[in-house]
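Student: Plus 289 on top of the position in the sequence shown (first one is 1) and you've got this note's numbering. A virtual CB, placed ideally from N, CA and C, is assigned to each residue, including glycine.
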Amino acid sequence: MLVHNTTLLDRIRRTNVAGKEAGGITQHIGATEVPIDTIKQLAGPLIKLWKGEIRLPGLLFIDTPGHEAFTSLRARGGSLADLAVLIVDINEGFQPQTIESIEILRRNRTPFIVAANKIDRIKGWKVEEDEPFLVNIKKQDPRAQQELETKLWELIGTFYEMGFQANRFDRVQNFTRELAIVPISAKYGIGVPELLVLIAGLSQKYLEEKLKIEVEGPARGTILEVREELGLGTTIDVIIYDGTLHKDDTIVVGGKDKAIVTKIRALLKPKPLDEIRDPRFRFDQVDEVVAAAGIKIAAPGLEEALAGSPVIAARSEEEVEKARQEILSQIQSVVISTGKVGVIVKADTLGSLEALSKELGEKNIPIRKADVGNISKTDVMEALSVREEEEKYGVVLGFNVKVNEDAEEVAKAKGVPIFTGNIIYKLIEDYEAWVKAEEEKRKRELLKNVTFPGVIRLYPDERYVFRRSKPAIVGVEVVEGRIRPGVVLIKQNGEKVGTIKSIKNKNDFVSEAKKGDAVAIAIEGAIVGRHIHPGETLYVDLSKNDVIILAKQLKNELDETDIKALKMTAKVKAQKDPFWKAV
Numbered sequence: 290m291l292v293h294n295t296t297l298l299d300r301i302r303r304t305n306v307a308g309k310e311a312g313g314i315t316q317h318i319g320a321t322e323v324p325i326d327t328i329k330q331l332a333g334p335l336i337k338l339w340k341g342e343i344r345l346p347g348l349l350f351i352d353t354p355g356h357e358a359f360t361s362l363r364a365r366g367g368s369l370a371d372l373a374v375l376i377v378d379i380n381e382g383f384q385p386q387t388i389e390s391i392e393i394l395r396r397n398r399t400p401f402i403v404a405a406n407k408i409d410r411i412k413g414w415k416v417e418e419d420e421p422f423l424v425n426i427k428k429q430d431p432r433a434q435q436e437l438e439t440k441l442w443e444l445i446g447t448f449y450e451m452g453f454q455a456n457r458f459d460r461v462q463n464f465t466r467e468l469a470i471v472p473i474s475a476k477y478g479i480g481v482p483e484l485l486v487l488i489a490g491l492s493q494k495y496l497e498e499k500l501k502i503e504v505e506g507p508a509r510g511t512i513l514e515v516r517e518e519l520g521l522g523t524t525i526d527v528i529i530y531d532g533t534l535h536k537d538d539t540i541v542v543g544g545k546d547k548a549i550v551t552k553i554r555a556l557l558k559p560k561p562l563d564e565i566r567d568p569r570f571r572f573d574q575v576d577e578v579v580a581a582a583g584i585k586i587a588a589p590g591l592e593e594a595l596a597g598s599p600v601i602a603a604r605s606e607e608e609v610e611k612a613r614q615e616i617l618s619q620i621q622s623v624v625i626s627t628g629k630v631g632v633i634v635k636a637d638t639l640g641s642l643e644a645l646s647k648e649l650g651e652k653n654i655p656i657r658k659a660d661v662g663n664i665s666k667t668d669v670m671e672a673l674s675v676r677e678e679e680e681k682y683g684v685v686l687g688f689n690v691k692v693n694e695d696a697e698e699v700a701k702a703k704g705v706p707i708f709t710g711n712i713i714y715k716l717i718e719d720y721e722a723w724v725k726a727e728e729e730k731r732k733r734e735l736l737k738n739v740t741f742p743g744v745i746r747l748y749p750d751e752r753y754v755f756r757r758s759k760p761a762i763v764g765v766e767v768v769e770g771r772i773r774p775g776v777v778l779i780k781q782n783g784e785k786v787g788t789i790k791s792i793k794n795k796n797d798f799v800s801e802a803k804k805g806d807a808v809a810i811a812i813e814g815a816i817v818g819r820h821i822h823p824g825e826t827l828y829v830d831l832s833k834n835d836v837i838i839l840a841k842q843l844k845n846e847l848d849e850t851d852i853k854a855l856k857m858t859a860k861v862k863a864q865k866d867p868f869w870k871a872v
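What follows is the structure in structure tokens.
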């Protein structure tokens, strides 16, 4: 059971873990065992509504610091959780983290229940602690009931936009097709009885086969957190999801770039309803632990263990080697080093690295290197080498990691962009927005500096010769394409005749004239009667580089008339250079 609201677990445990943490927000991943007797006690007569006995021995709640931890909790082949509770603030609606969580649950095909929290903040709501929602709702005045309905329908509408059918839990016809939304107040315990009954009932009814855990064999689990403990050294908090783990077992653990083989020194288990990460709770040393359970393991050599990586118990040399190969294979499938042109990716755990890499792959964003850890100077230097080949990929993307001081200094000095964040899709969105902005900026620069094709015809009447030289000023019509001040003009035979100094349309000087415009132009370097003549056709001189830029980078900026002008100019230029015959 995956849940990311510590206040809700506090209500179940009758503890106050949230109050002890910064801003009441969960700072670490934790695990809490809730025996079925506790659920029956809290849920009371509501259990009977399920029309059947709850046979589960209990529930193991994994409490996460929000959306980003979902990605850390990976077992091979999908999410570690069998069922998730998605907490949504009914007053605030969907936040970026909500969308992130839903996408991760969808990707891992993890079934989930929605807890619409903070109904107690609805104006005029009458609070009765630990009361079932269906009892509490009857005590509310019609205005509060209507406001709840409105907010619920807003949630249901948002879920529908994301491709989910959802409804209030007591109106759901088929739990396999509709998302159940339970209105709750985690703070006061309203609706918590229904939520617990729903979790237990749905787990038993729809996940019974999946919930059959093999408890006989060697243990398998996932590291939630690696931490220093006074008197114990480096320890790992682990969810055991299969098998039995014994004190003195040899375990193989995923490290940064290796499989760590070590022997358990101590198994530390919190009591039921205690929480694995709260120092106020006393841990019991145990000789064994059976899945599913949260356990703290003390063992030598865990300094380089990675959150999100596997833990496998091995009882023989053969099993140790098999576990080593399996873990190395998992690490190598996630940690990437291609040497190709692509972005540099860093994340806090193997799970989040895998999730981020997968999302980038779906967006067709190539990866040069994907690894676990903070962003280092080496990462920035590698991005710099990519930048020289392909600017838009010469960046570092960091999920839930810090940027080392020296890395930040080099990045600023060398102009290497670093993107960090703790919401995967937002991180990628920020990068994509930067790529788009850079492309627009580059396009503006190209548009400013590239020469567009243009063909003009001098009016045949001498009345449109306003000055014969220094500069020559003549009336012209733009036949095809466009002209701008600064472009060089050539004749039908390819000879250069001068540069357009200015363009005047009636009484105004303009920066551009297009097909069909009748304008007066000043041509520096040309003399009417010697270099140019009334009625003559002239062409904007183009370089090979202009043609390459126009064809490759500014293709979408070319109008039909620009293409005609380009072909007419190419015919003129081809008289002296075969390159232009292919244009």
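1. When you compare the segment 821–833 with the segment 744–751, are there three or more beta-carbon pairs, one atom per stretch, that lie closer than 8 Å?
2. Please state the DSSP three-state secondary structure of Gln462.
3. Here's the rule: buried if 16 or more other CB atoms are within 10 angstroms of the residue's CB, otherwise exposed. What is Ala311?
4. Taking its Cβ as the centre, do 16 or more other Cβ atoms sit within 10 Å of Lys841, making it buried, or is it exposed?
5. Pairing CB atoms from the segment 397–417 with CB atoms from the segment 455–475, are three or more of them under 8 Å?
6. Could you pull out every unbroken alpha helix (DSSP H) segment of at least 4 residues lying fully inside the segment 580–640, listed in chain order?
7. Quick one: is Lys862 buried, meaning 16 or more other Cβ sit within 10 Å of its Cβ, or exposed?
8. Per DSSP, which residues does Val684 bridge with? Please list them.
9. Can you tell me whether DSSP reads Gly650 as helix, strand or coil?
10. If we count the other Cβ atoms within 10 Å of its Cβ and call it buried at 16 or more, is Ile837 buried or exposed?
11. Which value, in whole angstroms, describes the spacing of the CA atoms of Gly520 and Lys585?
12. Keeping to the same chain, check which residues put their C-beta closer than 6 Å to that of His356; ignore five residues upstream and five downstream.
13. Roughly how far, in whole angstroms, is the beta-carbon of Ile792 from the beta-carbon of Val776, given that I think they are within contact range, below 8 Å?
14. Can you tell me which of Ala489, Lys552, Ile479 puts its alpha carbon nearest to the alpha carbon of Pro324?
15. Figure out for me which residue from Ala696, Ile633, Asp637, Ile664 has the closest Cα to the Cα of Val675.
16. Should Ser641 be labelled buried (16 or more other beta-carbon atoms within 10 Å of its own) or exposed?
17. Would you report the Cα separation of Met290 and Gly583, rounded to the nearest angstrom?
18. Is the CB of Val768 under 7 Å away from at least one CB in chain D?
19. Closest to Gly532 by C-alpha separation, out of Ile540, Glu514, Gly506, Leu556, would be which residue?
20. Using the DSSP secondary-structure output, state which residues sit across from Thr709 in a beta bridge.
21. Please classify Ser832: does DSSP put it in a helix, a strand, or coil?
22. Taking its Cβ as the centre, do 16 or more other Cβ atoms sit within 10 Å of Ala603, making it buried, or is it exposed?
23. Would you mind reading off the limits of the beta strand (DSSP E) that contains Tyr530?
24. Using the C-alpha atoms, what's the distance from Glu436 back to Ala320?
25. Measuring only the C-alpha atoms, how far is Leu491 from Phe464?
26. Can you grab the Cα-Cα spacing for the pair Phe537 / Arg554, in whole Å?
27. If you draw a straight line from the alpha carbon of Thr315 to that of Arg516, how long is it in whole angstroms?
28. With DSSP as the reference, label Ile789 as helix, strand or coil.
Tutor: According to the structure shown:
1. yes
2. coil
3. The predicted model places Ala311 with a pLDDT of 42, which falls under 50 and marks its position as unreliable; any figure quoted below should be read in that light. By the 10 Å Cβ count, Ala311 comes out exposed.
4. exposed
5. yes
6. 606–623
7. buried
8. Answer is none; Val684 lacks a bridge partner.
9. helix
10. exposed
11. 14 Å
12. Because His356 sits at a pLDDT of 41, beneath the cut-off of 50, its placement in the model cannot be relied upon, and the point is left open.
13. Actually they are not in contact, since the Cβ atoms of Ile792 and Val776 sit about 10 Å apart, beyond 8 Å.
14. Ala489
15. Ile633
16. buried
17. Because Met290 carries a pLDDT of 47, less than 50, the predicted location of this residue cannot be relied on, and no value is offered for it.
18. Of the protein chains in this structure there is only one, and it is not chain D.
19. Gly506
20. Gly687
21. coil
22. buried
23. 522–531
24. 35 Å
25. 8 Å
26. In the sequence as displayed, the identity of residue 537 is Asp instead of Phe. Going from the Cα of Asp537 to the Cα of Arg554 covers about 6 Å.
27. Bear in mind that the predicted position of Thr315 carries a pLDDT of just 37, short of 50, making it too unreliable to give a figure here.
28. strand
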